[in-house]
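J.: In UniProt numbering, the protein residues as written are 1 to 230. Below: one structure in structure tokens.
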Amino acid sequence: GGKKGGGAGGEGFDVSKTGDARVGLVGFPSVGKSTLLNKLTGTFSEVAAYEFTTLTCVPGVFKYKGAKVQLLDLPGIIEGAKDGKGRGKQVIGVARTCSLILIVLDVMKPITHKQIIERELEGFGIRLNKQPPNITLKKKDKGGISITHTVPLNNIDEETIKSICHEYRISNAQISIRCDATADDIIDVIEGNRLYIPCLYVMNKIDQITIEELDLISRVPHYIPISAHH
Numbered sequence: 001g002g003k004k005g006g007g008a009g010g011e012g013f014d015v016s017k018t019g020d021a022r023v024g025l026v027g028f029p030s031v032g033k034s035t036l037l038n039k040l041t042g043t044f045s046e047v048a049a050y051e052f053t054t055l056t057c058v059p060g061v062f063k064y065k066g067a068k069v070q071l072l073d074l075p076g077i078i079e080g081a082k083d084g085k086g087r088g089k090q091v092i093g094v095a096r097t098c099s100l101i102l103i104v105l106d107v108m109k110p111i112t113h114k115q116i117i118e119r120e121l122e123g124f125g126i127r128l129n130k131q132p133p134n135i136t137l138k139k140k141d142k143g144g145i146s147i148t149h150t151v152p153l154n155n156i157d158e159e160t161i162k163s164i165c166h167e168y169r170i171s172n173a174q175i176s177i178r179c180d181a182t183a184d185d186i187i188d189v190i191e192g193n194r195l196y197i198p199c200l201y202v203m204n205k206i207d208q209i210t211i212e213e214l215d216l217i218s219r220v221p222h223y224i225p226i227s228a229h230h
């Protein structure tokens, strides 16, 4: 039979949402997600000391100030998940339901991993640490495209906005822009299915770097240095 999405590949992905909030741990295999999850919640996914993949989405729950927080270990998002490679698609589906995403990075190779994971999540319409653009688009029956903006537009001109609308077969609309919008912002508003999720970057294995390097990392916004084992 044809191996299209779903089917047996989806085992372990029907994670019912429990508790008050849901946090998804995303990272490459062997960055220490499972160890961190176990430390935080006491659930055990089979952790080995080599690069492996957590096969299912292991939910753990911990209590924080009386609230129940569900933690999910989302199996390694590999390059190309958004293009349907591996099991990335289901992982991202679960990631879209999270109230916070923790991107767990190996302190030895943080930047490349960070960029790859962000690109995958972005490709699925997840916007990290961003506010929805302050743009409203009302489709109309006639009158063409009219654009008003309350701030100067430095990244895009009206012609480009009109050609984006044209690509999406929108020929009549009133667009009000109240931010210094980019082409991506306009597309996000037209597509309308974007999710804006806060994200923290957890730098694991800091026992492998110097104090000076650690000091630099701890100044970057949204970054949290940890050592899951220690």
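Even glycine gets a Cβ: it sits at the ideal position worked out from N, Cα and C. For clarity, every value in this text was computed on a predicted model and none was experimentally measured.
Give the secondary structure of D20 by DSSP, where H, G and I count as helix, E and B as strand, and everything else as coil.
T.: For this step, residue 20 is matched to residue 20 along the sequence shown. D20: coil per DSSP, three-state reduction.
J.: Is C165 helix, strand or coil when you go by DSSP?
T.: Your numbering for residue 165 matches position 165 in the sequence shown. Correct three-state label for C165: helix.
J.: By alpha-carbon positions, which one of K162, M108 and Y201 ends up nearest to I187?
T.: The residue given as residue 187 occupies position 187 in the sequence shown. The shortest Cα separation from I187 among K162, M108 and Y201 belongs to K162.
J.: Out of T182, S171, P133 and I103, which has the shortest C-alpha to C-alpha gap to V26?
T.: For this step, residue 26 is matched to residue 26 along the sequence shown. When only C-alpha atoms are compared, the closest one is I103.
J.: Taking the alpha-carbon positions, what's the K109 to I117 distance?
T.: Within the sequence shown, residue 109 is the residue found at index 109, counting from 1. Within the sequence shown, residue 117 is the residue found at index 117, counting from 1. Roughly 13 Å between the two C-alpha positions.
J.: Measuring CB to CB, does L153 end up less than 8 Å from I190?
T.: Stepping through the sequence shown from its first residue, residue 153 is reached at position 153. Stepping through the sequence shown from its first residue, residue 190 is reached at position 190. Not in contact: L153 and I190 (Cβ atoms no closer than 8 Å).
J.: What's the gap between the Cα of C165 and the Cα of T112?
T.: For the purposes of this step, residue 165 is identified with residue 165 of the sequence shown, where counting begins at 1. For the purposes of this step, residue 112 is identified with residue 112 of the sequence shown, where counting begins at 1. Each residue's Cα considered, the two are about 34 Å apart.
J.: Taking the alpha helix (DSSP H) that D185 belongs to, which residues open and close that run?
T.: Residue numbering aside, residue 185 sits at position 185 when the sequence shown is read from its first letter. Unbroken alpha helix (DSSP H) run through D185: A183 to E191.
J.: Which of the three DSSP states, helix, strand or coil, is assigned to T35?
T.: Translated into the one-based positions of the sequence shown, residue 35 becomes position 35. It is helical.
J.: Let me check understanding here. Comparing Cα to Cα, which of R178, P132 and K114 lies closest to M203?
T.: Taking the first residue of the sequence shown as 1, we reach residue 203 at position 203. Considering only alpha carbons, the answer is K114.
J.: Quick check on the burial criterion: 16 or more other C-beta atoms within 10 angstroms. Buried or exposed for R22?
T.: In the sequence shown, the residue the question calls residue 22 occupies position 22. Counting Cβ neighbours within 10 Å, R22 comes out buried, since at least 16 surround it.
J.: Could you spell out where the beta strand (DSSP E) holding T97 opens and where it closes?
T.: In the sequence shown, residue 97 corresponds to position 97, counting from 1. Counting along the chain, T97 falls outside any beta strand (DSSP E), and DSSP gives it neither H nor E.
J.: Does the stretch 116 to 135 come close enough to the stretch 165 to 174 that 3 or more CB-CB pairs lie under 8 Å?
T.: Touching, no, given that fewer than three Cβ pairs across the two stretches are closer than 8 Å.
J.: Can you look up K114 in the DSSP assignment and give me helix, strand or coil?
T.: Here residue 114 refers to the residue found at position 114 when the sequence shown is read from its first residue. Looking at K114 - three-state DSSP - the assignment turns out to be helix.
J.: Spatial neighbours of R194 within its chain, please: C-beta separation below 6 Å, excluding the five flanking residues on both sides.
T.: What you label residue 194 is simply residue 194 of the sequence shown in a count that begins at 1. Cβ neighbours of R194 beyond the five flanking positions: G125, R127 and D188.
J.: Quick check on A67: buried or exposed, where buried means 16 or more other Cβ atoms within 10 Å of its Cβ?
T.: Walking along the sequence shown from the start, residue 67 turns up at place 67. A67 should be labelled exposed.
J.: From A49 to L36, what does the alpha carbon distance come to, in whole angstroms?
T.: Mapped onto the sequence shown, residue 49 falls at position 49. Mapped onto the sequence shown, residue 36 falls at position 36. Its pLDDT being 35, under 50, A49 is placed unreliably by the model, and the measurement read from it follows with that caveat. One C-alpha to the other measures close to 14 Å.
J.: Using the Cβ count rule (16 or more neighbours within 10 Å means buried), how would you classify I211?
T.: In the sequence shown, the residue the question calls residue 211 occupies position 211. By the 10 Å Cβ count, I211 comes out exposed.
J.: Expressed to the nearest angstrom, what Euclidean distance is found between the alpha-carbon atoms of G197 and H149?
T.: By 1-based counting over the sequence shown, the position of residue 197 is 197. By 1-based counting over the sequence shown, the position of residue 149 is 149. Reading off the sequence, residue 197 comes out as Ile, not Gly. Their Cα atoms are separated by approximately 26 Å.
J.: Considering Cα atoms alone, identify which of L71, R178, V61 and T97 is closest to I135.
T.: As a working mapping, residue 135 is identified with position 135 in the sequence shown. The shortest Cα separation from I135 among L71, R178, V61 and T97 belongs to R178.
J.: For a test of the three-state rule: what should DSSP assign to R119, helix, strand or coil?
T.: Stepping through the sequence shown from its first residue, residue 119 is reached at position 119. Helix at R119.
J.: Within this structure, are the beta carbons of I145 and I175 separated by less than 8 Å?
T.: As a first step, residue 145 must be located in the sequence shown, where it is residue number 145. As a first step, residue 175 must be located in the sequence shown, where it is residue number 175. Taking 8 Å as the Cβ cut-off, I145 and I175 qualify as a contacting pair.
J.: What three-state label does DSSP hand T148 in the structure shown?
T.: In the sequence shown, counting from the first residue as 1, residue 148 sits at position 148. In the structure shown, T148 sits in a strand (DSSP, three-state: E or B).
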